[in-house]
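Chains as they are written, first to last, in my numbering: chain X, 28 to 584; chain H, 28 to 584. For every residue, glycine included, the Cβ atom is placed at its ideal position computed from N, Cα and C.
Rendered as structure tokens:
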């Protein structure tokens, strides 16, 4: 079947995934992809089966965010069309996930147009993924396949975004009739454009009185943290991050100024960023959540903006300047902004143990105050959306990029499966997963796979009996959900620890026990008042509320 | 906000859904759709919140299959892109589901291009659903919206397939500036074409010696059962059904000849159908599953084939002849085929109580033999795929269209949420849900919503610790799944009954207790040997197996 000197299509794809550092592939098998699953199982790559395809894709996304590349492998349509949402999220937030889908054999398609799993045309699934990825190809020609694989994987690396590869089951073992040399292309800058851009940026920074850097998630995705740190230590310019970019720099770093999110974040950070006379925005795409759903409040004339898409200073643009080259150039430029002294964010004070009444009910604010105390150098925080995210905003993360959350695309159900992927990519870290009850009902049963893989995250379930964020926007019975006895899930899955938590004393005890037991997951069912919210969500709700009702929304336009 | 004489866009859509018999809408709320949810809640339509959007879409599909029209309402992208698979299944199997998605307000889109939940372009989600529906429109213009709603709903009715309506949140309360008169268009036949087609069909039937009818699911979708029954009683022609069409005629009906599925079904039915000299195929789309994954074995020269897409006799086609008019014409034509006597299918013998050793372990075949005994006039059978479907094939269904299964698209996870929808559409019937453990892990937690709605299905979980169908095709660890203590789910959800079943005696006891308790669901965790299969799956596996390995598949081409 295979050929020692010449790999077949499946073997070549597996080899290239390994080149890119992929050691685990997530998915659910199905008949159109069983041949490739068989190859995966006999390869060094480990196949992680999940309960549902969408969980596999969230896991691959979490894996990619930490590892630099992830992969999900599913069957045709009934599998692939189950991962549209998580892959869309990876696209929106720039996480490079390779989608590998089985498909009917090319040879079968003529004989019987109504093969099972077919929706409309044999091309339908590829057409769907063309909208959700930066490259979507059907590997129907064995002689073209290797080159198509190279090009697609290149696109994933270059754009930090998902790509789609469809493997007809009669092509996966095909061997091309000629030798193939793997080629990869990297985007190149125009050196003169870089020089001019760096010179102007340096001039503006040196002439400024209150220069500030705002770092985004692309700094992590493009592995530019070392350059950012170099820039930080050489210039002492305070560095804030976006919410999606939270922890691209250690929040213990003396230059770290806090998370910027207009209307959500701390006032001091908003002031620092918005009143800067030279704001250097690096690798951030600023969303309505960063603006707190208000009109952007940054004056472009005072901004230097470099991202994966563009480099812009004031109102002019530099083409052919990559983010990498711009940050590298900046880190080597002679920068001597007036030392404003290292910014001391108001929340730098060390975490405190819970001292209050142990019989006090848990509130969102008390919970996060207490969680801050649990963070160690080995903690990776994975937050779902709603208060899981907004409450986490001010947690002080010890290391780089150990905070994961879908802070822009904000898809519920990300956290538990993403923690599965992220933890397999970084087994040296222990995930602290924070998730609302609504999101948990969507994908939380993936604890089943977490248990099976022998992983031991600590899962904090914020149980407010419904969709808390929405209650602030629009009251309605549709915001209430069935209450589960979440702490009994270990009895269903046959492993793990469950805790029911109502008081601060119970919280302390459960967190201590969870910290001590590292053989399996710990799930804390933390009861919260349905009307209790973090301060940030309170603020956000007020801002969002008047946009839900179309009349108001209309008025704004 | 609203206007007594003139409805706004949301109110008009709700009114039209009611016109089409929609009394329940399934979904998960999100901020972009909260305005419409508020309208729904204050309307006569009941909103059924599910744990996950995909379950809402499966429920709407099950509802549509029984009720004639269903609807699912979700938020933008993070909601809508979660239902691509179930909606694709509704498209493939002709179930009319209206997808209603919230979206950012038109007015918001200019101000900030990076609104949360956005993937690529604001049109991305609509572009995806253009591939999965027969009509996909964004209701961005209040003055056009009513007409667009009429056209889309028409398309759903005409094609029995899903449509997609996107409601920007600032348009939902908009009122058009002029009166709108609801218009609906029905496809019309060319009377002369109908006459000629019926005359030729009648000639062939009357000249035949062994005329047989093969009825498909479209007979149900187009509400043609009364005409089919009329045809049956006037002609005494035996009627077989496809697997997807199972129970379009009561399987107690004297003319019912059994389920035809080449290589899967009973030999007697295959012989009857394949050796007929005049096979009248009505409303069936024949898939690779009907052929048992073999080359179609019916000779077109001996076939009369009428479906929603075409009317064909021998090798010639009649255009502008609808399935409705063809079946109506046939039911009125003078048909006098030689009385072959009513066909007695070999499995017509009455069901028997389990008489064997009560300590015998449950096997798939014994289980279905026993389940046959539980079927009553009030039973609706909802089968997931794999042995849940193949084992159910020979269950004798008492009434019309009380058997639901994704027998062509074969998406795992259909049964439990589809039973939720079907049961709300037909509260007078009690669902018997048959589902494998792999499929249950995908969507089975929707029992949460079933409990919340006070429904009481009996769920038979075939627990063979993995993906049984695939084990036959390709051995591998990837076919094994984490074993759950499924019978303990009631403790997690706070209601329902769980039973652990290993022996025939335990099965009898659990089924009796389940039959007696109608206040909530009963879940039977039925342990089966991982290598035990129904006879049909055994046959199917052998046929599929040699198509999984590409070399073999190649050889066939």
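The alpha-carbon of residue 263 of chain H is positioned some 10 angstroms away from that of residue 238 of chain H. Taking a cut-off of 8 angstroms on C-beta distances, the segment 324 to 335 of chain H does not touch the segment 470 to 483 of chain H, as fewer than three cross pairs fall below it. Within chain H, 141, 143 have C-beta atoms less than 8 angstroms from the C-beta of residue 435 of chain X, given in sequence order. Judged by DSSP secondary structure, residue 262 of chain H falls within the alpha helix (DSSP H) whose first and last residues are 252 to 262. The DSSP-derived three-state label of residue 430 of chain X is strand. As summarised for the segment 292 to 320 of chain X, the continuous alpha helix (DSSP H) elements at least 4 residues long and confined to that stretch are 294 to 301, given in chain order.
Distances from the CA of residue 522 of chain X to each of X:544, X:284, X:460 were compared; the closest alpha carbon is that of X:544. The beta carbon of residue 216 of chain H is closer than 7 angstroms to those of 347, 348, 349, 352 in its chain, skipping five residues each way along the sequence. No Cβ-Cβ contact shorter than 7 angstroms links residue 107 of chain X with residue 195 of chain X.
With the criterion set as a beta carbon lying under 9 angstroms from some beta carbon of chain X, the members of the segment 499 to 517 of chain H are 500, 501, 502, 503, 504, 505, 506, 507, 508, 509, 510, 511, 512, 513, 515, 516, in sequence order. In this structure, residue 146 of chain H lies near residue 118 of chain X, with their beta-carbon atoms less than 7 angstroms apart. Excluding its 5 nearest sequence neighbours in each direction, residue 492 of chain H has C-beta neighbours in its own chain below 8 angstroms: 464, 507, 508, 510, 557, listed in chain order.
Of the other Cβ atoms in all chains shown, 16 or more fall within 10 Å of the Cβ of residue 152 of chain H; this residue is therefore buried. Annotation: the segment 131 to 158 of chain X contains the following complete segments of the alpha helix (DSSP H) (minimum length 4 residues), in chain order: 135 to 138, 151 to 157. Counting only the Cα atoms, residue 503 of chain X lies some 25 angstroms from residue 389 of chain X. Cβ-Cβ separation between residue 485 of chain X and residue 462 of chain X: approximately 11 angstroms, too far for a contact (criterion under 8 angstroms). At a Cβ-Cβ threshold of 7 angstroms, residue 154 of chain H and residue 158 of chain X count as neighbours. Contact between residue 422 of chain H and residue 402 of chain H is confirmed by a C-beta separation of about 6 angstroms, below the 8 angstroms threshold. Cβ contact annotation for residue 358 of chain H (same chain, cutoff 7 angstroms, sequence separation greater than five): 254, 257, 258, in chain order. Secondary structure note for residue 412 of chain X: it is in no beta strand (DSSP E), with a DSSP letter that is neither H nor E. Take residue 48 of chain H, set aside five residues on each side of it, and the residues of its chain with a beta-carbon closer than 7 angstroms to its own are 94, 95, 96, in chain order. With fewer than 16 other Cβ atoms inside 10 Å of its own Cβ, residue 279 of chain H counts as exposed. By the Cβ criterion, the segment 175 to 193 of chain X is not in contact with the segment 174 to 191 of chain H, since fewer than three pairs of Cβ atoms, one from each stretch, lie closer than 8 angstroms. Counting only Cβ-Cβ distances below 7 angstroms, residue 315 of chain X has contacts in chain H at 139, 141, 142, 143, in chain order. Of all alpha-carbon atoms in X:173, X:302, X:39, the one lying nearest the alpha-carbon of residue 66 of chain X is that of X:39. Close to residue 483 of chain H, with beta-carbon spacing below 7 angstroms, lies no residue of chain X; the smallest spacing is near 16 angstroms. Residue contact check for residue 74 of chain H against chain X: a CB pair falls below 7 angstroms. Residue 341 of chain H is not bridged by DSSP to any residue.
Three or more Cβ pairs closer than 8 angstroms define a contact, and the segment 287 to 300 of chain H meets that threshold against the segment 239 to 249 of chain H. Segment contact: the segment 518 to 535 of chain X against the segment 70 to 86 of chain H, fewer than three CB-CB distances shorter than 8 angstroms; contact not assigned.
H:80 is the residue among H:80, H:551, H:88 whose C-alpha sits nearest the C-alpha of residue 110 of chain H. Of the candidates X:532, X:415, X:343, X:450, the residue whose Cα lies closest to the Cα of residue 433 of chain X is X:415. Across the segment 148 to 170 of chain X, CB contacts with chain H closer than 8 angstroms involve 151, 154, 155, 158, 159, in sequence order along the chain. For residue 554 of chain H, the pairing in a beta bridge is given by DSSP as H:490. Between the alpha carbons of residue 44 of chain X and residue 186 of chain X lies a gap of roughly 16 angstroms. It is roughly 15 angstroms from the alpha-carbon of residue 561 of chain H to the alpha-carbon of residue 488 of chain H.
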